[in-house]
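For reference, the structure discussed in these notes is given below.
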Amino acid sequence: MSPDAPSSGPVAAIPPTDGLKECTVTTEGTFGPAQGSAQEGGPELVQLLTPEGERREHPDYTFDLDDEAIRGFYRDMVLTRRIDSEATALQRQGELGIWASLLGQEAAQIGSARATRAQDFIFPSYREHGVAWCRDIDPLALTSMFRGVDHGAWDPGAVNFHLYTIVIGAQTLHATGYAMGIQKDGCVGTGDPDRDTAVMVYFGDGASAQGDVNEAFIWSSVFNAPVVFFLQNNQWAISAPSEKQSRIPLYRRSSGFGFPGVRVDGNDVLACYAVTKAALQQAREGGGPSLVEAFTYRMGAHTTTDDPTRYRLQAELEHWKHKDPLARVKAYLTRNGLVDADFFAELEREADELAERVRSGTRAMPEPNLAELFDLVYAEGTPELQEQQRWYTEYHASFHDAASAEVAR
Amino acid sequence: MSPDAPSSGPVAAIPPTDGLKECTVTTEGTFGPAQGSAQEGGPELVQLLTPEGERREHPDYTFDLDDEAIRGFYRDMVLTRRIDSEATALQRQGELGIWASLLGQEAAQIGSARATRAQDFIFPSYREHGVAWCRDIDPLALTSMFRGVDHGAWDPGAVNFHLYTIVIGAQTLHATGYAMGIQKDGCVGTGDPDRDTAVMVYFGDGASAQGDVNEAFIWSSVFNAPVVFFLQNNQWAISAPSEKQSRIPLYRRSSGFGFPGVRVDGNDVLACYAVTKAALQQAREGGGPSLVEAFTYRMGAHTTTDDPTRYRLQAELEHWKHKDPLARVKAYLTRNGLVDADFFAELEREADELAERVRSGTRAMPEPNLAELFDLVYAEGTPELQEQQRWYTEYHASFHDAASAEVAR
Amino acid sequence: MTQLTLAKALNAGMRRAMEGNPKVIVMGEDVGKLGGVFRVTDGLQKDFGEARVIDTPLAESGIIGTAVGLAMRGYRPVCEIQFDGFVYPAYDQIVSQVAKMRVRSRGKVTLPVVIRIPYGGGIGAVEHHSESPEAYFAHTAGLKVVTCGNPSDAYWMIQQAIASDDPVIFFEPKRRYHDKAEVNTELSAPPVPLHASQIVRDGTDATLLCYGPMVKTCLAAAEAAEQDGQHLAVVDLRTLSPFDLGPVYELVRRTGRVIVVHEAPITGGLGAELAARITQECFFSLEAPVLRVGGFDLPYPPARAEEEYLPDLDRVLDAVDRVLAY
Amino acid sequence: MTQLTLAKALNAGMRRAMEGNPKVIVMGEDVGKLGGVFRVTDGLQKDFGEARVIDTPLAESGIIGTAVGLAMRGYRPVCEIQFDGFVYPAYDQIVSQVAKMRVRSRGKVTLPVVIRIPYGGGIGAVEHHSESPEAYFAHTAGLKVVTCGNPSDAYWMIQQAIASDDPVIFFEPKRRYHDKAEVNTELSAPPVPLHASQIVRDGTDATLLCYGPMVKTCLAAAEAAEQDGQHLAVVDLRTLSPFDLGPVYELVRRTGRVIVVHEAPITGGLGAELAARITQECFFSLEAPVLRVGGFDLPYPPARAEEEYLPDLDRVLDAVDRVLAY
Ligand SMILES: Cc1ncc(C[n+]2csc(CCOP(=O)(O)OP(=O)(O)O)c2C)c(N)n1
Ligand SMILES: Cc1ncc(C[n+]2csc(CCOP(=O)(O)OP(=O)(O)O)c2C)c(N)n1
Ligand SMILES: [Mg+2]
Ligand SMILES: [Mg+2]
């Protein structure tokens, strides 16, 4: 469904933990944002492409792919955004129960997901439509879940991409356990690029406050498990600003657990790619866990049922619009003459097609069949459930028969 | 039951978070102890009294009490140890179901507890017999719990000392909530030494791995709650060495949450006093939470049912015997002529008396009365429980009547 | 008398409790500016300030664990758990701390903590947003568990729960949040005790026992059955721990037939406890075994299958036919 | 044939499972060198290494959460929860993840995770070490719940649980750990299916239903009753989810009287579910309502009151008298 970015090339090192920045939070006063430029991401932010579309150098991280790859990233982001807006529209039309938009987080997701290798296993939260895209998950598998047709429709083991997890933070422990399994399988630090494997797990700024997430930090560091914690700090957990979850920048959380943390410009797809690639490589080589905080912004509502005007200012959104993750890549590509008008026209056509497919495919979905579920609860079915299934099936049939009879009368 | 140490005097500052030591853990290899001198506590250890009984200066912390206070600490430690050994003996004799010994942790507990003020609220774990001592809890209230007569027999609100908490880590959240209540009551940062209040919560190296404890770190830092997290790192969580819970020294955990952490020699009562006092003062002044890691050693078994020979070497214990928290104070007092033979004789007599009181008091405890408990579950009783109580009481009576009849027959 | 939705009635009840006692505080995820995802706490932070209406970090164990500490300090926390499926991270704090603190301390520590949980299905939500975990709590000694089925009860019961010195798990039937009805907010005292069940419809042929979201369903079923000449009584249990079954036993003795209806999966649900007690108490009056209508023993299904999963009017009537056939 | 304690039988069963399948791993607090606080995993780390017998950090949610990931990677984790009262921090992972993963993934992900929980009272322990939380799990669709009452079952059932592709909550009656009995370890296959109940004593006057620690108690009660000319049948349920009630119904039809015995508090305990099902299935055969003998609806009491709190021979016999009086 979309090309894989190459995953070889030189690897920038994740700064070791002894490179920890000094902690500048004041200990006085009540809670509130860390002093300084939290809104802007702070000076510690790794950025390789500015909002204006200019490339930047960074001492530790280099973007090592060619412009073709950047065109690919752009395509990924445009198509993902289109899926997202189409799904949002479908929800408004009553076709989906709810939709969690990734608007604004495309770079964080595409950059990081493209940095994985096929054997790496990914644990998403519930907003990772861009990551799903990179793992060739049919967008209809996403809309079917938000429509209420199923709870997840792909085989995680077949695509190395787990189902969405809705209970906040729970998946970070699953990822850690999976990474421990990789270790046991001897798939870390062998030097064989097809064998060495990492896990990446996505979670949010809100999730960082859950006990499970912090336990995952402990387990992964104690066992030195090959897992990259990819924190999309989109500034909000529904109505709670990220200062509600931590009084210092979140990337520094890992320092308390003894593993490295980096803050990357989450709206810069090049930087997200480069930083994540380094973190994954460290994990595969046996260097253990790391935390990547992608500093980004949730440009839409929390979900389609949310009303952000109740808790945040329009000005904040306007501010972040200037940092749109797609705009800067477009600027880079056009300014440097790396694309022509055809490129955009073709992409537009592709997006239209995709949108149409999502639209019609979602509308055409068959209703779920409750009777089937009785067979899916256990690998080894139980007489009790079989009995309930039998009852339900008969009841259902009799009821519908009765209803037809009623109509016929 | 024992004199309060004065709580005024100049206050050493807790080093601010920007004084964080650099992180020296290597990220290679699998889990294991942090490199270097974890066993010894590391160079970051605050020590004011050496194992040989010599006073030491520290740039940040000064012990500001007189020798009378040190004699008082010594008395506290001796008597606490005596309670402990008596309780251990009582368990061996079948009088207690179990006992969790504090052997080796006397300095950590007495030093920290004596640094509190009466209005400060303390949340213990289940091994804080020394802290309980400082809060004038009758040792019989401790043995009654370990005997199985009750789950805790004092009124926490009356002595500002909560009941023992057995579920690991749960009390750290209670402490944080209590501290938030103190803030709401306006009892922080007023400058009034009788009004400003802090909370201290005790937990172990093992507990540091629980989600609840890490959530408590988040809440307390986000709300800047006046709470001191007093971590007794006694090196073991039953059979798990502390490296199983963290790959870097535990005092550094707090850096990831944006508040200060200090490692103190947990076998040095002077240092424990000085560091805790500073941390409490910071909390009372509105400076927010801090973490004190008392680096100590569990010289006994985990509890009387444990067999440490299965998992640790005798040599380790021997090594720590040289650091006994009581021995160094005794050495200091004698070497400097601050006590005479009478002091020790009197203390010995006092300890014997206390032991006898614990022994006979424990043996004489009345059995618990199940019928009473029905009234204690709810503030507003329920007809259901009253009915069960009635049934039980009648049944019990009839059964005992029948039994007597049987005997009579 | 005023017309209120169930959600607004809860809001008004909390407001009144907060006005009446400065120690009452509200805490939870998004309860502040947003007013909660269901707007049940709408406007409270604006009027009572951030010190009394606390937007918390995203951590349920933290919410309940700190509420314990706040209660020990003299506050009366009203905690919101955002959805039924998210109460489990707080389960340890609820079961091992909240429930046990009073007996542990031999009555010295009382914890007047209210834990509000929007529960049940029928709103077309994704996974974890439609569960009915009440049996987990009713089986836990030391907790009290109640649920409201209409706006008037919502208004009064939330105040009674807050006034209670015992920890109360307060289940709110989320699919009834927008149901509107008269609420007499003028009364100076609650019209019904907190721990009382209510006969909401009298009948002679069989008794329907229900609570929360199923009260409306059962009343509709009774209405429909009336057309067929079946006279069904309906009891809104309201209190799930302790139960108040005196009125139920009386009805059962009269009707001889009982059906318990709840959304929770049948196995181990409260229907089992009710059936067991009623059978024990009214053994010789029963013409038929107590029947149970509930969710199947499946994890809650995808939303578009929930209507098939949940008890509805037809499933209740089907059970009525079966119970009357004995 | 060999004489084993229940604890040693579990150990031998796990050992055999580990020998038979390299993917079987054991994890939990203190399961390594210490061999667990009850020595149930004694020697396993020595023989199978640290990669397969994992001493974990002190965090129950972490134990179960990472077990989910390990299972997804192809492992078969056998998790030890140190005591019943410490399973609650893992409740969310168990109820929302372990139980639901298979249906969530429409059968794509199976989680062969065993969660071993020493449970029940009678050992004179401090708080949180004597609870019987089985109803919480049996009410959770997606889990299977079993418990063993004797060394032979312990030996076979732990192997069957490990071999099961479904998540199994495995309750171990801790006060029976040291009970010794014959175990035929030579059999090439388990003598009884995992999800089967067993009639351990036949009788005509009434049927005692029990499981885990109460099997021994009920057998002793039946023995004592025999002296008084009362012939009691005893069923060891063994499987609590799913139930296997076919043999029970047959017995009930014969005896007409039933008593369920468990340590857990009565209200909402499994006795309720059993009573409800039996009454529904055997309504016309019952001479008396199903009686329940269990713990009172109190948080578990201090150890020196536990004998008064727990069902014992006399409480069972008292119920026998009552049920026979109908
Ligand atoms: C355990 C749990 N509690 C509450 C919720 C309800 N909830 C869903 S999303 C959300 C906010 C999550 O914020 P964040 O982690 O920052 O992720 P984002 O939605 O911003 O991507 C909350 C509170 C949940 N899903 N799980
Ligand atoms: C939630 C929970 N899990 C497990 C236990 C069993 N347990 C009791 S003490 C202990 C070790 C605690 O170690 P640590 O926190 O270092 O405290 P220490 O005993 O060394 O003082 C364990 C695992 C428990 N009490 N609570
Ligand atoms: Mg967010
Ligand atoms: Mg310890």
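Keeping their order, the protein sequence lines are chains A, B, C and D. So for the first sequence, the numbering used here puts the first residue at 1; every next one is plus one. So for the second sequence, the numbering used here puts the first residue at 410; every next one is plus one. So for the third sequence, the numbering used here puts the first residue at 819; every next one is plus one. So for the fourth sequence, the numbering used here puts the first residue at 1145; every next one is plus one. The beta carbon of each residue, even a glycine, is placed where N, CA and C say it ideally should be.
- When Ala1269(D), Ile1259(D) and Gly1187(D) are compared, the shortest CA-CA separation from Glu1278(D) is found for Ile1259(D).
- When DSSP reads this structure, Gln232(A) sits in a beta bridge with Gly204(A) and Ala294(A).
- For Asn642(B), no Cβ of chain A is located within less than 9 Å of the residue's own Cβ.
- When Cβ-Cβ separations below 9 Å define contact, His946(C) makes contact with chain D.
- Excluding its 5 nearest sequence neighbours in each direction, Leu317(A) has C-beta neighbours in its own chain below 7 Å: Met299, listed in chain order.
- It is roughly 23 Å from the alpha-carbon of Phe229(A) to the alpha-carbon of Leu49(A).
- Considering only beta carbons, no part of the stretch 1357-1374 of chain D lies closer than 8 Å to chain B.
- Taking a beta-carbon distance threshold of 9 Å, Ile137(A) does not count as an interface residue toward chain D.
- For Val222(A), the C-beta contacts it makes with chain B under 9 Å involve Phe440, Ala618, Glu652, Lys653, Gln654, Ser655 and Arg656, in order along the chain.
- Burial state of Gly880(C) is buried, judged by a 10 Å Cβ sphere holding 16 or more other Cβ atoms.
- Met200(A) is positioned such that its CB atom lies closer than 9 Å to that of Ala175(A).
- Residue burial annotation: Thr874(C) is buried, with at least 16 other C-beta atoms found within 10 angstroms of its C-beta.
- Secondary structure of Met836(C) (DSSP, three-state): helix.
- Shown here, Phe856(C) sits in coil according to DSSP, grouped into three states, outside any helix or strand.
- Excluding five sequence positions before and after Asp715(B), the CB atoms of its chain that fall closer than 7 Å to its own CB belong to Ile647, given in chain order.
- Scanning its chain for C-beta atoms nearer than 6 Å, with the 5 sequence neighbours on each side dropped, one finds around Ile1343(D) the residues Val1379 and Pro1391, in chain order.
- Across the set Gly1113(C), Val886(C), Ala1121(C) and Leu1063(C), the C-alpha of Leu1063(C) shows the shortest separation from the C-alpha of Glu1099(C).
- Around the C-beta of Trp974(C), 16 or more other C-beta atoms lie within 10 Å, and the residue is accordingly described as buried.
- Taking a cut-off of 8 Å on C-beta distances, the stretch 249-266 of chain A does not touch the stretch 160-173 of chain A, as fewer than three cross pairs fall below it.
- Judged by pairs of C-beta atoms under 8 Å, the stretch 1273-1293 of chain D touches the stretch 1238-1249 of chain D, as three or more such pairs exist.
- With its beta carbon at least 9 Å from every one in chain A, Arg672(B) lies outside the interface.
- Going by C-alpha positions, Ala100(A) is about 10 Å away from Gln91(A).
- A residue is called buried once 16 or more other Cβ atoms fall within 10 Å of its Cβ, and Ala1051(C) is buried on that count.
- Secondary structure note for Val1076(C): its beta strand (DSSP E) is the uninterrupted segment Val1076 to Pro1083.
- In this structure, Val576(B) has its CB closer than 8 Å to one or more heavy atoms of ligand 2.
- Against Tyr1453(D), the close residues of chain B are Leu779, in the order they occur along the chain (beta-carbon pairs closer than 7 Å).
- Inclusion of Glu537(B) and Ala550(B) in the CB contact set at 9 Å is not warranted, their separation being larger than that value.
- By the criterion of a C-beta distance shorter than 8 Å, Ile882(C) is surrounded in its chain by Cys897, Ala908, Gln911, Ile912, Gln915, Val916, Val931 and Ile933, once the five residues flanking it on both sides are discounted.
- Judged by beta-carbon spacing, Thr581(B) lies beyond the 9 Å limit of Arg693(B), meaning their Cβ atoms are not closer than that value.
- By the criterion of a C-beta distance shorter than 7 Å, Val487(B) is surrounded in its chain by Leu735, Leu756 and Ala760, once the five residues flanking it on both sides are discounted.
- Assignment of Glu215(A) by DSSP, reduced to helix, strand and coil, places it in the helix class.
- One alpha carbon belongs to Glu1124(C), the other to Gly938(C), and they sit about 11 Å apart.
- Take Ile1313(D), set aside five residues on each side of it, and the residues of its chain with a beta-carbon closer than 6 Å to its own are Ile1259, Phe1281, Leu1287 and Val1289, in chain order.
- Counting C-beta pairs closer than 8 Å gives fewer than three between the stretch 364-375 of chain A and the stretch 1093-1108 of chain C, which falls short of the contact rule.
- Bridge partners of Cys897(C) according to DSSP: Met845(C) and Ile933(C).
- Counting only Cβ-Cβ distances below 7 Å, Gly256(A) has contacts in chain B at Arg661, Arg662, Ser663, Ser664, Gly665 and Phe666, in chain order.
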